[in-house]
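Residue numbers (the numbering used here): -13 to 232.
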């Protein structure tokens, strides 16, 4: 297998995906081969002392295969746009379900104290303190300071999985925010397409035209109570439908 991302024309990728979904093992293998670099890049962002990149890559490939099986060529977007959040989703679930990172109350306190000392020292001296300084300040050994720092680093890796879904490019932004939003929008559009005409009109006016329930009621010639009732029912059904697709 290749070890880097192989850019392929969208039309060619679509043909491979359609073939793979019909049971063509070779087509599936080619798509996986083309996206090894993508999976590796995502896995490397969350590698820590607890998790080897190879382990996270294997989990990422599970998300990639799911993306191949679920991708709809009618989305008319690059396959990677759909695959990235699914790959990250598998990595996030693996780390959370694995449960290796357990933080005791005492360790949480030590982590907080250490961060405060680091920040205070940096504000005063413009550089990070040495391990020996931190050990003396916390009245502990240098070895234990290293353990606290490792816990902070590991916890940050897990938290960054959630922060990739926070807007405005936190943690370097990457391109996960935009990709995830694109997929959510595609799922939303797919869910809307299954609604009855009146239901679809209410959702479109409410969430795409930013109209109030009262304004929608006037446009459609029904009561605000009816609009509210229909909106609530539709949102519950759409949420269930989108959750099944995850």
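Every residue, glycine too, gets a C-beta built ideally from N, C-alpha and C.
Beta-carbon gap between residue i and residue j smaller than 9 Å
i           : j           : result
residue 16  : residue 50  : no
residue 138 : residue 123 : no
residue 81  : residue 7   : no
residue 202 : residue 192 : yes
residue 134 : residue 57  : no
Best match in the options for proximity to residue i [C-alpha to C-alpha]
i           : options               : result
residue 114 : 220, 101 and 122      : 101
residue 217 : 206, 203, 188 and 201 : 188
residue 65  : -1, 126, 55 and 106   : -1
residue 223 : 206, 182, 195 and 204 : 182
residue 18  : 38, 43, 98 and 32     : 43
residue 96  : 204, 52, 116 and 120  : 120
residue 22  : 73, 205, 107 and 132  : 73
residue 254 : 220, 196, 67 and 198  : Residue 254 lies beyond the range of the chain shown here (-13 to 232); nothing can be said about it.
Rounded Cβ spacing between residue i and residue j (contact assumed at less than 8 Å)
i          : j          : result
residue 46 : residue 77 : 6 Å
residue 70 : residue 28 : 7 Å
Q. Which runs of the beta strand (DSSP E), 3 residues or longer, sit entirely within the stretch 56 to 129?
A. Counting only unbroken stretches of 3 or more residues, no beta strand (DSSP E) element lies wholly within the stretch 56 to 129.
**Q.** Every unbroken alpha helix (DSSP H) within the stretch 180 to 219, with a cutoff of 4 residues, ordered by chain
**A.** When DSSP assignments are scanned along the stretch 180 to 219, the uninterrupted stretches of alpha helix (DSSP H) that are 4 or more residues long and fall wholly within it turn out to be 183 to 193 and 199 to 206.
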